[in-house]
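Comments concern the structure below.
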Amino acid sequence: MFIMDNNTSAIKRIRRHIRGQTHTFFAATAPGFESLCFEELSALSLKEAKITDGGVEFGGRVWDAYLANLHLRTANRILMRIGEITASNFHRLEKKLADVPWDIYLPTDGVPDVNVSVRKSRLWHSDAIADIVRKSIRNRLGISGTPLSSQQIFVRGINDHFLFSIDTSGELLHKRGLKIKVGKAPIRETTAAAILMQAQYNPQHPLIDPLSGSGTFSLEAAMMSANIPAGWFREFAFTHHPSFEPGRWKHIRREAEKQIAIPNAGQIFASDKDPKACAELEKTVAQHDLSQLIRVDCKDFFDIMPSQISSVPGLVVINPPYGRRIGTQAASEIFFQDMGKHLQKAYPGWKAAIVVPHKDLLKYFPFKTKIYQFFHGGMKLFLMIGKIAPEHSILH
Numbered sequence: 256m257f258i259m260d261n262n263t264s265a266i267k268r269i270r271r272h273i274r275g276q277t278h279t280f281f282a283a284t285a286p287g288f289e290s291l292c293f294e295e296l297s298a299l300s301l302k303e304a305k306i307t308d309g310g311v312e313f314g315g316r317v318w319d320a321y322l323a324n325l326h327l328r329t330a331n332r333i334l335m336r337i338g339e340i341t342a343s344n345f346h347r348l349e350k351k352l353a354d355v356p357w358d359i360y361l362p363t364d365g366v367p368d369v370n371v372s373v374r375k376s377r378l379w380h381s382d383a384i385a386d387i388v389r390k391s392i393r394n395r396l397g398i399s400g401t402p403l404s405s406q407q408i409f410v411r412g413i414n415d416h417f418l419f420s421i422d423t424s425g426e427l428l429h430k431r432g433l434k435i436k437v438g439k440a441p442i443r444e445t446t447a448a449a450i451l452m453q454a455q456y457n458p459q460h461p462l463i464d465p466l467s468g469s470g471t472f473s474l475e476a477a478m479m480s481a482n483i484p485a486g487w488f489r490e491f492a493f494t495h496h497p498s499f500e501p502g503r504w505k506h507i508r509r510e511a512e513k514q515i516a517i518p519n520a521g522q523i524f525a526s527d528k529d530p531k532a533c534a535e536l537e538k539t540v541a542q543h544d545l546s547q548l549i550r551v552d553c554k555d556f557f558d559i560m561p562s563q564i565s566s567v568p569g570l571v572v573i574n575p576p577y578g579r580r581i582g583t584q585a586a587s588e589i590f591f592q593d594m595g596k597h598l599q600k601a602y603p604g605w606k607a608a609i610v611v612p613h614k615d616l617l618k619y620f621p622f623k624t625k626i627y628q629f630f631h632g633g634m635k636l637f638l639m640i641g642k643i644a645p646e647h648s649i650l651h
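No gaps in the numbering here: position 239 of the sequence shown is 494 in our numbering, and each next residue is one more.
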């Protein structure tokens, strides 16, 4: 049910129904990383968290969405549930939407984008549903024409039951606000953070990112090691909501800033054979005062010798080229075979976290590993984590 309280001023209704109430939020994640997001929410002491399809639901006050957006490294976006409607025809849907107090949820600068997905419902035409929602919003906010705002409404329908949510994030949360340029086939920051967490990355130990590209793994590791919140360098949609409390947001950021601590000696080593990629990464590192944490070099993967970087083993994390990035299937097989041999020769005793597109390629890494399945850009991938055995060792 939506709240229906239209006889008092918008400010009083915002105070009563949004700031003064607990709400249900949804942290959307890439399939395969829900449990990691759950652990992050638990660490923030956000209550009633439970894993559901595609993410984690949690309860809290409206400013808990500020906290989640700022800190969560594995979430793609944070939605706030705002109401439910049951309707089996467009007339009933339009009638019920006329009572929704959109003015306490949305700014009046335009009509939001409406994202609709429907299954097992008599109202199955998503574009028509979106049109009716936009019409309801225009009428409520007194907007003529169709100016678009940066806000988003999500509608999920199943069995004639429709759940409405407002996006509190804005741009997807993998957009950290760090990079000047993004490389060709980059891994998302949220995915990179999840991989580092799954590999139990320890900032006290060295990390080598030998196919760094635009530096996603290295930048995520640097933010983790310095305790810089994932959303520290970006903006969010909730700052434009009528319920936004600037004072609380400043307090949350001040408290987070107290925890930021740049280590004296960084142990993150990024390298790529592309000079342009290395130059762009060095710019990003310098621009955000991370030079103390990340060392950038321009070398081919097979020329990197970790013994020249660190006297103690650490973590090597790799998102190797595959598919169109490397060419034919035969070329991919050769590359992975050579990579496995080089790791055994140069990285004995190191922990490896490697993204693999096909399980068939695991045979080129003859050491004990754990395999995790996840999805990235709609593609099923496998994450292989294990300690690298020395060359010529026999795996039993």
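Think of the CB as a built atom: it goes at the ideal place given N, C-alpha and C, for glycine as much as any other residue.
Can you give the Cα-Cα distance for residue i and residue j, rounded to whole angstroms?
| i | j | result |
| --- | --- | --- |
| S556 | I450 | Position check: residue 556 holds Phe in this sequence, whereas Ser was assumed. So the two alpha carbons sit approximately 20 Å from each other. |
| G604 | L598 | 10 Å |
| V540 | S376 | 50 Å |
| D368 | I408 | 6 Å |
| P561 | P465 | 10 Å |
| K623 | K606 | 11 Å |
| L291 | N574 | 20 Å |
| G470 | L403 | 34 Å |
| L570 | I609 | 10 Å |
| W224 | P518 | Only positions 256 to 651 of the chain appear in this structure, which leaves residue 224 out of reach. |
| Q276 | E500 | 14 Å |
| H416 | W379 | 12 Å |
| L650 | K618 | Its pLDDT being 47, under 50, L650 is placed unreliably by the model, and the measurement read from it follows with that caveat. L650 and K618: Cα-Cα distance of roughly 12 Å. |
| R389 | T423 | 18 Å |
| G338 | K600 | 58 Å |
| P458 | L301 | 25 Å |
| L428 | M639 | 25 Å |
| I559 | K596 | 13 Å |
Kindly list the residues whose CB is nearer than 7 Å to the CB of residue i, restricted to its own chain and excluding five residues on each side of it in sequence; keep chain order.
| i | result |
| --- | --- |
| K351 | I340 and A342 |
| F288 | T329, A449 and F629 |
| L433 | L474, F488, T539 and H543 |
| D527 | L466, S467, G468, C533 and C553 |
On the DSSP bridge assignment, give the partners of residue i in chain order.
| i | result |
| --- | --- |
| Y627 | L638 |
| K606 | L570 and K642 |
| R489 | Note: R489 sits in no beta bridge, so no partner. |
| L462 | I523 and L570 |
| R550 | F524 |
| S368 | As written in the sequence, residue 368 is Asp, which differs from the Ser given in the question. In the DSSP output, where bridge partners are listed per residue, D368 has Q407. |
| V540 | Partner(s): none; V540 has no beta bridge. |
| V611 | F637 |
Within its chain, find whatever has a CB closer than 6 Å to the CB of residue i; leave out the 5 residues flanking it on each side and keep chain order.
| i | result |
| --- | --- |
| G486 | N324 and L325 |
| I374 | Checking the displayed sequence, the identity of residue 374 turns out to be Arg instead of Ile. If we look at R374 and ignore the five residues flanking it on each side, its Cβ neighbours are I413. |
| L462 | A476, I523, G569 and L570 |
| W504 | Y321 |
| Y577 | S587 and P612 |
Once the 5 residues before and after residue i are set aside, which same chain residues still bring their CB inside 8 Å of it?
| i | result |
| --- | --- |
| W357 | S391, I392, R395 and L396 |
| T363 | L396, G397 and I398 |
* Entirely enclosed alpha helix (DSSP H) segments - the stretch 371 to 448, minimum 4 residues -> For the stretch 371 to 448, whole alpha helix (DSSP H) runs of length 4 or above, ordered along the chain, are 381 to 396.
* Asked: Does the stretch 262 to 271 touch the stretch 293 to 311, meaning 3 or more C-beta pairs lie closer than 8 Å?
  -> When Cβ pairs closer than 8 Å are counted between the two stretches, the stretch 293 to 311 is seen not to touch the stretch 262 to 271, the count staying below three.
* To do: Pair every Cβ in the stretch 547 to 567 with every Cβ in the stretch 506 to 525, then say whether three or more of these pairs are closer than 8 Å.
  => A contact exists between the stretch 547 to 567 and the stretch 506 to 525.
* To do: Could I get the ranges of all uninterrupted alpha helix (DSSP H) runs contained in the stretch 265 to 353, with 4 residues as the minimum, in chain order?
  => The stretch 265 to 353 contains these whole alpha helix (DSSP H) runs: 265 to 269, 289 to 298, 317 to 326 and 345 to 352.
* **the stretch 352 to 371 touching the stretch 390 to 401, judged by at least three CB pairs closer than 8 Å** => Yes: at least three Cβ pairs fall under 8 Å.
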